[in-house]
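What follows is a single structure, written as C-alpha cells, with notes after it.
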Amino acid sequence: MMNSRTTKQVKTAKWQNIVILLILLFMLISALPNLYIDKVNIHLINNTHSQQISPQDINTLLSEHKFSVDKISTSTASTTITLANKAEQHAIESLLTKELGDNYSIESSIENTAPAWLKSLGGQPIKLGLDLSGGVLFVLDVDTERALADRLKGIVLEIRSLAVDSRTRIDKISQPNNHSIVIDFGQTNEGTKQENKDVLLSEIKKNHPELTQSKGDDNQIFLTYSLQEQVKFRQETMQQTLKTMRGRIEELGITEAVTQKQGKNRIRIELPGVHDPEAAKRIIGATASLDFYQMAANSNSVGIIQMLDDNGRKLRMNAQVVFSGSHIKNAKSGKDEMGMPLVNLTLDSVGGKKMSMFSKKNIGKPMVTVFSEFYRDAKDEMVKKSKVINVATIQQHLGSKFSITNMSSPQAAQELALLLRAGSLTAPVTIVKQRSIEATLGEDNIEHGIKALTIGISFTLLFMTFWYRTLGVIANVALALNLVSLLGLMSLLPGAVLTLPGIAGLVLTVGMAVDTNVLIFERIKEELKRGRQVLSAIESGYKSAFSTILDANITTLITGIILYSIGYGPVKGFAIILCLGILTSMFTGVFVSKALTNLLIRDNKAQLLGVKL
Numbered sequence: 013m014m015n016s017r018t019t020k021q022v023k024t025a026k027w028q029n030i031v032i033l034l035i036l037l038f039m040l041i042s043a044l045p046n047l048y049i050d051k052v053n054i055h056l057i058n059n060t061h062s063q064q065i066s067p068q069d070i071n072t073l074l075s076e077h078k079f080s081v082d083k084i085s086t087s088t089a090s091t092t093i094t095l096a097n098k099a100e101q102h103a104i105e106s107l108l109t110k111e112l113g114d115n116y117s118i119e120s121s122i123e124n125t126a127p128a129w130l131k132s133l134g135g136q137p138i139k140l141g142l143d144l145s146g147g148v149l150f151v152l153d154v155d156t157e158r159a160l161a162d163r164l165k166g167i168v169l170e171i172r173s174l175a176v177d178s179r180t181r182i183d184k185i186s187q188p189n190n191h192s193i194v195i196d197f198g199q200t201n202e203g204t205k206q207e208n209k210d211v212l213l214s215e216i217k218k219n220h221p222e223l224t225q226s227k228g229d230d231n232q233i234f235l236t237y238s239l240q241e242q243v244k245f246r247q248e249t250m251q252q253t254l255k256t257m258r259g260r261i262e263e264l265g266i267t268e269a270v271t272q273k274q275g276k277n278r279i280r281i282e283l284p285g286v287h288d289p290e291a292a293k294r295i296i297g298a299t300a301s302l303d304f305y306q307m308a309a310n311s312n313s314v315g316i317i318q319m320l321d322d323n324g325r326k327l328r329m330n331a332q333v334v335f336s337g338s339h340i341k342n343a344k345s346g347k348d349e350m351g352m353p354l355v356n357l358t359l360d361s362v363g364g365k366k367m368s369m370f371s372k373k374n375i376g377k378p379m380v381t382v383f384s385e386f387y388r389d390a391k392d393e394m395v396k397k398s399k400v401i402n403v404a405t406i407q408q409h410l411g412s413k414f415s416i417t418n419m420s421s422p423q424a425a426q427e428l429a430l431l432l433r434a435g436s437l438t439a440p441v442t443i444v445k446q447r448s449i450e451a452t453l454g455e456d457n458i459e460h461g462i463k464a465l466t467i468g469i470s471f472t473l474l475f476m477t478f479w480y481r482t483l484g485v486i487a488n489v490a491l492a493l494n495l496v497s498l499l500g501l502m503s504l505l506p507g508a509v510l511t512l513p514g515i516a517g518l519v520l521t522v523g524m525a526v527d528t529n530v531l532i533f534e535r536i537k538e539e540l541k542r543g544r545q546v547l548s549a550i551e552s553g554y555k556s557a558f559s560t561i562l563d564a565n566i567t568t569l570i571t572g573i574i575l576y577s578i579g580y581g582p583v584k585g586f587a588i589i590l591c592l593g594i595l596t597s598m599f600t601g602v603f604v605s606k607a608l609t610n611l612l613i614r615d616n617k618a619q620l621l622g623v624k625l
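Count along the sequence shown from 1, then add 12; that gives the number in this note's numbering.
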C-alpha cells in the first residue's frame, strides 16, 4: 500500500495536471481563430426603383478588369460581392463607383469565416504587421522649434494685453530667438510706474512659471526658457503629437496600427491593411488647428492680423486667440434646421470657461473661426496656410457647447469634426517618408516565413526523436503545445502584432524550447551515471535543471524587454515574440514535459525500455 506521503504526491500531481490541461485547452481555443480568414463583402444598395443589376453583369465587369470574386449573391435590397482577394477592395470599389454612378451606394464589411460558437467566445486572430498584411508606412517630422517660437509669440501678445490692463508702459517687446523674450520698459523712475511694472512681472510669473526672469541693462527684462524647460517643452510637444496621431488613427478605425516615436523629433506610423494611402494621408498628414478670434476695433493696440474670407472681404482681428482647438473635447458633424452642414463642438472645462467669459462680454459682436494647416513648399520650407471658415455673431451667452455653421459641404464638416475630435496639433507636422507595401508581398513573406518555420521544426523533431527516443517524443509533443500556446497568447494580447521578424522569433522559440528539454535530459543522464534509478533520476533531473533554465531564460527575457522598449517596427515585433516565447517555453518545457513524463514513463514501467539515455 502507498504511504500517506506518496498519496499526497499523487493528489498534488493530479491537480497540477488538471490545471495544465485547462491552460492548454484555453490556449488552444484562443489560437483557433487563426485557422480562419476574413472575407471582404462589398454591398451594392440600389438608390433607384430600377431593376437590380444582375450577378452575371457584375461578374462580367469584374472579369474584364481581371478581378476575381468568391461569390455574388442578391436580395431585394442589395447585391453582395464576396472578394477572393481583400487587397483588391479599393480598386473594385473605385471601378463600381465609376461604372454604376449614383444609382448605387457602395458599402463594405468584413466577415470572418470562423464558426458561430467560436465567434460567440470573442476569439480574435493574431494581428499582422505591415510587412505581412500590406499597408502604408508614414514617417512624420515634428517641428518642435517652430512650436516653441509660436508659443513665445502667443506669450508676447498676452504680455501686451496684460500691460494694457495693468496700465504699464512698454517701449518695446521683442523675440530675439526661439527661446527668449526681451521687454524694454524705457526710462521710468516714477514710483507708480515701478509698482505697475512689478504687478505686470508678477502676473507673467504666475501665468508662465516656466520662464526665467532676469534683469538686463537700460531697464530691460529677459524672459527665457532654460535648457531644461526647452527639453521639457519638446518632450511634451512630442507626447501631445503622438496622442493626437493615435486619436486620428482610432477615428479611422485601424486597430492594428503602430504609432511610436522615432529618433528625436520624428514619428513612425504603420497602418497594416490600409490600401488607400491617399485617404489615410489626408487625415494623418493634416496638421489642422482651429483658433477663434475677436474682430478688432480700429483703436485696438494689442495687435491686429488681417485675413480674407471666402467672399474676398478683408477681416481685421485681434492677434491674441480667444481659445484654440486644444480645448475641444468632442466634435460631431450634423445639420441645422435648414439642412445645412455644421459641426457641433463640446469644450473642456478650461475652454468652456474662456468661451463663457468672452461671449458674456461680446454679445452682438462677431467671432471669427480660423482653420490652419502647415505644409512644405517647393523650397522645403514650412509654410502656414490659414483660412476663415466662419464669421458668426454671438447671439447669446455661450458655454461649453456651440456650433460652427456655414460649412461648405457635409464631407468638409465630417473631416473637420474628425480632426478636431482627435485633437489639434501644437507643432507643425510634415510627412518626410511614405511607403506602400502591397498585400501580395505580405502574402509572400508569410509563405516564406512559414516554410522556414516548418523546415526548422521538422529537423528538430527528427533529431529529438532519434536521439532521445521516448523522451524525445515527449519533447516533441511539448514543442507542438508550445507553439499552440504562443499563438493563443498572441491572439489574446491586444498589443501583440506578428511581423516578419516575429516569424524569425518563432523559429528561435523552437530552438529555445528544445534547449530546455535538452538541459533536463542531460541532467537525467548525469543522475543515471551516479547510479540512481530511472524514476529517481527523472525526478532529480527536472528539479536540478530548473534553476539553470530559469537563469538562462530570465537573462534572455531582460534582453527582449530592452529590445521592445527602445526598438520600433520590426524590432518590436521580434522582441514581443521572443518574450512571449520564453514564457511559453518555460511552461511547456518544464511543467508540461514533466506531466507527460509522469504519464508515459512513471505510470507505465514498460516504457522505460524505450528510454535512450
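Note that beta-carbon positions come from the ideal geometry of N, C-alpha and C, so glycine has one too.
Check, Outcome
"Quick check: the stretch 154-173 against the stretch 83-93, are at least 3 beta-carbon pairs closer than 8 Å?", "no"
"Any idea if ASN529 is buried or exposed, counting beta-carbon neighbours within 10 angstroms, 16 or more meaning buried?", "buried"
"Count the other CB atoms within 10 Å of the CB of ASP143; is the residue buried (16 or more) or exposed (fewer)?", "buried"
"Is the beta carbon of GLN272 closer than 8 Å to that of ARG280?", "yes"
"If I measure Cβ to Cβ from LYS606 and keep anything under 7 Å in the same chain, skipping five residues before and after, which residues do I get?", "TYR554"
"Using the rule of at least 16 other Cβ atoms within 10 Å of the residue's Cβ for burial, across every protein chain shown, is ASN189 buried or exposed?", "exposed"
"If we call anything under 8 Å between Cβ atoms a contact, is GLN332 one with LEU169?", "yes"
"Can you tell me whether DSSP reads GLY203 as helix, strand or coil?", "Only weak support exists for where GLY203 lies, its pLDDT of 46 falling under 50; the value from the coordinates is given anyway. If DSSP states are grouped into helix, strand and coil, GLY203 belongs with the helices."
"To the nearest angstrom, how far is it from the Cα of LYS463 to the Cα of LYS341?", "49 Å"
"Could you have a look at ASN29 and say whether DSSP puts it in helix, strand or coil?", "helix"
"Can you tell me where the alpha helix (DSSP H) holding PHE558 begins and where it ends?", "546-578"
"Looking at VAL355: is its Cβ nearer than 8 Å to the Cβ of ILE416?", "yes"
"Assuming MET367 and GLY324 form a contact by the criterion Cβ under 8 Å, report the distance between their Cβ atoms to the nearest whole angstrom.", "29 Å between Cβ atoms; not a contact."
"Taking all protein chains shown into account, do 16 or more other C-beta atoms lie within 10 angstroms of the C-beta of LYS139, making it buried, or fewer, making it exposed?", "buried"
"Tell me, which residues are paired with VAL400 by DSSP?", "VAL382"
"Note the first and the last residue of the continuous beta strand (DSSP E) segment covering HIS55.", "50-58"
"In whole angstroms, what separates the C-alpha of LYS131 from that of SER42?", "11 Å"
"Does the stretch 123-130 touch the stretch 483-501, meaning 3 or more C-beta pairs lie closer than 8 Å?", "no"
"If you measure from the CB of HIS339, is any heavy atom of the ligand FAD nearer than 7 Å?", "Within the structure as shown, the ligand FAD is missing, as the structure has no ligands at all."
"CA-CA distance, VAL148 and LEU95?", "21 Å"
"Return the first residue and the last residue of the beta strand (DSSP E) that ASN115 is part of.", "Segment: none, ASN115 is in no beta strand (DSSP E) and carries neither H nor E."
"Quick check on the DSSP output: the beta strand (DSSP E) that includes LYS606 runs from which residue to which?", "Not the beta strand (DSSP E): LYS606 falls in the alpha helix (DSSP H), residues 605-609."
"In the DSSP assignment, find the unbroken beta strand (DSSP E) run with MET319 in it and report its ends.", "316-320"
"By Cβ distance, which residues of its chain are closer than 8 Å to ASN53, with the 5 residues on each side in sequence left out?", "THR92, ILE93, THR94, LEU95, SER120, SER121, ILE122, GLU123"
"For LYS413, collect the residues of the same chain with a Cβ closer than 6 Å to its Cβ; drop the 5 residues on either side in sequence, then sort them by chain order.", "THR358"
"What are the boundary residues of the beta strand (DSSP E) that PHE150 is part of?", "147-154"
"Are the beta-carbon atoms belonging to ILE578 and LEU531 less than 8 Å from one another?", "no"
"Using only the alpha-carbon positions, how far apart do LYS445 and GLU551 sit?", "58 Å"
"Do you know offhand how far ILE70's Cα is from PHE79's?", "11 Å"
"For ASN219, count the other beta carbons within 10 Å of its own beta carbon; 16 or more makes it buried, fewer makes it exposed. Which is it?", "exposed"
"For ARG535, is the classification buried or exposed, using 16 other Cβ atoms within 10 angstroms of its Cβ as the cut-off for buried?", "buried"
"Considering only residues of the same chain and omitting the five flanking positions on each side of LEU590, which have a CB-CB separation below 6 Å?", "GLY517, GLY572"
"Based on Cα-Cα distance, which residue from SER597, GLN252, MET379, ALA424 lies nearest to LYS347?", "ALA424"
"In whole angstroms, give me the CA-to-CA distance for THR249 and LEU504.", "33 Å"
"Does the beta-carbon of PHE471 have 16 or more other beta-carbons within 10 angstroms, so that it is buried, or is it exposed?", "exposed"
"Just curious, the alpha helix (DSSP H) that VAL519 is in, first and last residue?", "512-541"
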